[in-house]
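**Q** Residue numbers (my numbering): 48 to 176.
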Ligand code: THU
């Protein structure tokens with residue numbers, strides 16, 4: 048169904064720089080303009096500087112001028128869910144969007160940002176929306 052996005056995420060996963068964990072993650076983020084932004088995790092010898100695939104894709108899309116997103120795919124070996132930090136950033140920049148988690152065999156699990164981060168802290172809590 049989201050075959051193009053899934054392919055982009057799986058291809059991006061092959062470009063992960065995961066020297067320390069050897070856990071390779073790919074992401075593909077579709078904007079409402081129809082463009083797809085890939086992301087992969089990029090680790091560092093100073094471990095805490097590592098960035099996840101999801102945030103790489105999001106920050107790259109924002110840097111390209113995108114503001115509105117419609118779907119995120121995350122590709123891993125075993126189809127795991129995004130980490131807590133990424134859930135918060137996805138919520139901030141995408142709001143409630145569909146998220147597809149795909150494993151190496153192509154098996155997909157469908158979820159959403161609000162399902163992954165219920166009762167999220169966000170702009171409304173600062174009185175901004
Ligand atoms: N990782 C991601 O890229 N996305 C996630 O949501 C979970 C974790 C990366 C970070 C690190 O490079 C490796 O996976 C192991 O934690």
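Glycine included, C-beta positions come from ideal geometry on N, C-alpha and C.
With a CB to CB cut of under 7 Å and the five nearest residues on each side skipped, what residues in its chain are close to residue 184?
**A** Any property of residue 184 remains undetermined from this structure, which presents the chain solely from 48 to 176.
**Q** Using only the alpha-carbon positions, how far apart do residue 97 and residue 63 sit?
**A** In the chain shown, counting from the first residue as 1, residue 97 sits at position 50. In the chain shown, counting from the first residue as 1, residue 63 sits at position 16. The straight-line gap from Cα to Cα measures roughly 11 Å.
**Q** Can you tell me whether residue 127 is buried or exposed? The criterion is at least 16 other CB atoms within 10 Å of its CB, across all chains shown.
**A** Locating residue 127 in the chain shown gives position 80, where the first residue counts as 1. Residue 127 comes out exposed.
**Q** Let me make sure I understand the geometry here. Which of 129, 149 and 84 has the alpha-carbon closest to that of residue 105?
**A** The residue you call residue 105 lines up with position 58 of the chain shown. Nearest of 129, 149 and 84 to residue 105, Cα basis: 84.
**Q** Given a threshold of 16 other Cβ atoms within 10 Å of its Cβ, counted over all protein chains shown, does residue 99 qualify as buried or as exposed?
**A** Taking the chain shown and counting its residues from 1, one reaches residue 99 at position 52. It is buried - the Cβ of residue 99 has at least 16 other Cβ atoms within 10 Å.
**Q** Quick one: is residue 66 buried, meaning 16 or more other Cβ sit within 10 Å of its Cβ, or exposed?
**A** Residue mapping note: residue 66 aligns to position 19 of the chain shown, counting from 1. Under this definition residue 66 is an exposed residue.
**Q** For the stretch 154 to 173 against the stretch 73 to 91, are there 3 or more C-beta pairs whose distance is under 8 Å?
**A** No, they do not touch.
**Q** Within the present structure, is the beta-carbon of residue 90 separated from the nearest heavy atom of the ligand THU by less than 7 Å?
**A** Taking the first residue of the chain shown as position 1, residue 90 is located at position 43. Checking the Cβ of residue 90 against the ligand THU gives yes.
**Q** For the beta strand (DSSP E) holding residue 110, just list the boundary residues, first then last.
**A** Reading the chain shown from its first residue, position 63 is the one you call residue 110. Per DSSP, residue 110 belongs to no beta strand (DSSP E); it is in the alpha helix (DSSP H), 100 to 110.
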